[in-house]
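Colleague: Residue numbers (the working numbering): 1374 to 2046.
Structural data, given as structure tokens:
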């Protein structure tokens, strides 16, 4: 078994992913061109529950195509591989709003024209009417949609909220689960997007087409009244986007389009529906959208796509793709676009900023400066390693192959770096020369803090189906939300890259200040009992306290961590033997409880800490320090080595190379005795 998944709280082995690696000879240590096709199944869900009252909202986009992965049907051809994200793994309380994406518009002549035309025929749509793009995945599928595995004939032309399966049926039921838990979950639908914005220039240009579109939107809200918001994603007014028609009149026509939409929704008795737009976060693009005028005619929220500032093949200079601060004056960043909008008189509480569950990558990268980031990359138009598309690696792939949050370092020869000027993190391998610009728990938390500091409306993600809870947890904590139920302790994940020198002096001053403050007022101690078991102990885990208000018979499914077995994982009580460990190790157990009708309780998680028995006497003669490995060895904080006859201790996690020599690289190694 791969060492990275042993005892990990965040990742686990997926046999289909591992088989794909074997078939393709994929090795993240050296690969710079081919895709990994890493499934979302390598992620362990770790959603904390937070007290969110009075705090800004956290929401995200959810893609209907993320459910697919042909490998589950033994179809391993590259075109059949997908993320295979399971809606059942998402906590109903994780987000305040889910935006379903994407809805197309009949008549669009862009990349998706064939799919749009086919879907329009099945749904009896006229030109300019919005439509659901994937009738099977949206209305009829059940796998990864948290729907019963039973065939039901559904007429996609007359499908309703009540009889829908697919991802829409899944979201319907998901919203009800949230409600039962006392959590208000809004649902929104997004129309357009990068691949389906071709028609907006034409659609917005005439009163007739604007009215057809708006009335078509009203039909969708009648068909699925669970939705209470709509998101218009025109990429972009008066900009070519994905080779789309455009013109200087787009801004004025956009205002007329939103005005018509607001009027038709109000006339249909849906004045409650909020209208948002997905907007470019680059000032030279957003200026054409006439945001102030849009707000005046009915727009509610502006979802700034504060990502993709960098990417291949369009970027000419090496840069960050979702940085908070500009690397140079007026450079693209969260702060740059926020300052622009505030200067235009836009109310800050209508502005929402985004964080990314994916990277933007570049190959053949030579870095001249870590902070501020400066360097060069391959400008040729060729494939660059990603998960399912070129030069973009999703969160599951990142934490499985490149980023080890639990040990605060990179994987497979990659190191974590921080640009303190831009407030951005990135991964880089000095060996393979592959660069990945990413959001981390640290930067997402910082974005939450930015939202609070500037009184913004909300924080959102592209996409929900790319996360396992780590990023949304960080978002909540950045917004100052207190933990109600903890599954994972996030504090350990907020670290800076190896290029950042530890601020030991400042840390000591802060600790001293805290001590002085504490000395002034006597406070009662806080007692705490922690359950620990020793290696070899027999432990029982019981689900017998589970209950059902209807009195239904319950069924149980235990999900065990790697290396631990039980005779019956479907029993109400299981018995396991604690494995041998050399240091305290946490093992995460999950429990799914269902009633006779198939309704499931929120997944429960129990973390068992196993320690080495204190009765075991330590070796009185510890072995000599190992020799320092020149290249490719992962060193963690506290590791000890000997080099040139001198003993050193690692003070910052990193992957060794010939330039970071103990005694020379003082930010990585300290001499010890």
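By construction, the Cβ of each residue, glycine as well, lies at the ideal position given by its N, Cα and C atoms. Keep in mind it's a predicted model, so treat the numbers as computed, not measured.
Report yes if the CB atom of residue 1732 is closer than 8 Å to the CB atom of residue 1811, and no otherwise.
Modeller: In this structure, residue 1811 lies closer than 8 Å to residue 1732 by Cβ.
Colleague: As a quick exercise: from 1932, 1906, 1948 and 1923, pick the residue whose alpha carbon is nearest that of residue 1915.
Modeller: 1948
Colleague: Going by the CB atoms, is the gap between residue 1934 and residue 1380 shorter than 8 Å?
Modeller: yes
Colleague: Taking the Cβ atom as the reference point for each residue, do residue 1872 and residue 1790 lie within a distance shorter than 8 Å?
Modeller: yes
Colleague: Does the Cβ of residue 1389 have 16 or more other Cβ atoms within 10 Å, making it buried, or fewer, making it exposed?
Modeller: buried
Colleague: How big is the Cα-Cα spacing for residue 1866 and residue 1420?
Modeller: The alpha-carbon separation between residue 1866 and residue 1420 amounts to approximately 14 Å.
Colleague: Indicate whether residue 1844 and residue 1817 have their beta-carbon atoms separated by less than 8 Å.
Modeller: yes
Colleague: Assign residue 1741 to one of three DSSP states: helix, strand, or coil.
Modeller: Residue 1741: strand per DSSP, three-state reduction.
Colleague: Measure the C-alpha to C-alpha separation of residue 1513 and residue 1769 and round it to an integer number of angstroms.
Modeller: Cα atoms of residue 1513 and residue 1769: separation of roughly 27 Å, rounded to the nearest angstrom.
Colleague: Following the continuous beta strand (DSSP E) through residue 1961, name the residue where it begins and the one where it ends.
Modeller: Bounds of the beta strand (DSSP E) holding residue 1961 are 1958-1967.
Colleague: What separation, rounded to the nearest whole angstrom, lies between the Cα atoms of residue 1454 and residue 1391?
Modeller: 13 Å
Colleague: Indicate the three-state DSSP secondary structure (helix, strand or coil) for residue 2033 in the structure shown.
Modeller: Coil, per DSSP.
Colleague: Which of helix, strand or coil does DSSP assign to residue 2130?
Modeller: Past the boundaries of the shown model lies residue 2130; the chain is included only from 1374 to 2046, so the question cannot be answered.
Colleague: CB-CB under 6 Å to residue 1990, same chain, minus the five flanking residues each way: which ones, in chain order?
Modeller: Reliability fails at residue 1990, whose pLDDT of 48 lies under 50, so the model's placement of it is uncertain and the value that follows must be treated cautiously. Counting only Cβ-Cβ distances below 6 Å, and skipping sequence neighbours, we find nothing.
Colleague: What number of angstroms, rounded off, separates the C-alpha of residue 1386 from the C-alpha of residue 1411?
Modeller: 11 Å
Colleague: Please state whether the Cβ-Cβ distance between residue 1980 and residue 1907 is less than 8 Å.
Modeller: no
Colleague: From what residue to what residue does the alpha helix (DSSP H) around residue 1651 run?
Modeller: Residue range 1647-1653 is occupied by the beta strand (DSSP E) that includes residue 1651, with no alpha helix (DSSP H) assigned at that position.
Colleague: Helix or strand or just coil, what does DSSP make of residue 1594?
Modeller: Looking at residue 1594 - three-state DSSP - the assignment turns out to be helix.
Colleague: Let's see if you can read the secondary structure: which residues bound the alpha helix (DSSP H) around residue 1708?
Modeller: Where residue 1708 is concerned, the enclosing alpha helix (DSSP H) stretches over 1707-1716.
Colleague: Residues in the same chain with beta-carbon distance under 7 Å from residue 1550, minus the five sequence neighbours each way, listed in chain order, please.
Modeller: Around residue 1550: 1465.
Colleague: Give the range of the beta strand (DSSP E) segment to which residue 1386 is assigned.
Modeller: Careful: residue 1386 lies outside any beta strand (DSSP E) and carries neither H nor E.
Colleague: Near residue 1993, what residues of its chain come up, given a Cβ to Cβ distance below 8 Å and the 5 sequence neighbours on each side ignored?
Modeller: For residue 1993, the pLDDT reaches just 42, beneath the cut-off of 50, and the residue's location in the model is therefore unreliable, although a value from the coordinates is still provided. Nothing listed; no residue qualifies.
Colleague: Using only CA atoms, which one of 1909, 2042 and 1997 lies nearest to residue 1955?
Modeller: 1909
Colleague: Just to check my reading of the structure: residue 1852 and residue 1821 have Cβ atoms closer than 8 Å, yes? What is that Cβ distance to the nearest angstrom?
Modeller: In this structure residue 1852 is in contact with residue 1821, their Cβ atoms being roughly 4 Å apart against a cut-off of 8 Å.
Colleague: Please identify the residue among 1764, 1761 and 1797 whose C-alpha is closest to the C-alpha of residue 1743.
Modeller: 1797
Colleague: Do the region 1746-1756 and the region 1822-1832 touch if we need at least three Cβ pairs shorter than 8 Å?
Modeller: no
Colleague: Would you say the beta carbon of residue 2041 comes nearer than 7 Å to a heavy atom of the ligand GDP?
Modeller: The ligand GDP is not among the ligands present in this structure, which contains no ligands whatsoever.
Colleague: May I ask you to list the residues that DSSP assigns as paired with residue 1332?
Modeller: Given a span of 1374 to 2046 for the chain in the structure shown, any question on residue 1332 remains unanswerable.
Colleague: Determine contact between the region 1550-1561 and the region 1524-1535, defined as no fewer than three beta-carbon pairs at a distance below 8 Å.
Modeller: no
Colleague: Report back the beta-carbon spacing between residue 1471 and residue 1433 to the nearest angstrom; my notes put them in contact at under 8 Å.
Modeller: The pair is a contact, with the Cβ atoms about 7 Å apart (cut-off 8 Å).
Colleague: Around the C-beta of residue 1788, are 16 or more other C-beta atoms found within 10 angstroms, so that it is buried, or is it exposed?
Modeller: buried
Colleague: Hey, residue 1925 and residue 1968 are a contact pair by Cβ (cut 8 Å); roughly how many whole angstroms apart?
Modeller: 4 Å
Colleague: Based on Cα-Cα distance, which residue from 1625, 1624, 1638 and 1567 lies nearest to residue 1598?
Modeller: Taking residue 1598 as reference, the option from 1625, 1624, 1638 and 1567 with the minimal CA-CA separation is 1638.
Colleague: Under 8 Å between the Cβ atoms of residue 1632 and residue 1674?
Modeller: In this structure, residue 1674 does not lie closer than 8 Å to residue 1632 by Cβ.
Colleague: Flag this pair as yes or no: are the beta carbons of residue 1617 and residue 1571 separated by less than 8 Å?
Modeller: For residue 1617 and residue 1571, yes; Cβs fall inside 8 Å.
Colleague: Take residue 1622 and list the residues in its own chain whose beta-carbon comes closer than 6 Å to its own, dropping the five residues that flank it on each side.
Modeller: none
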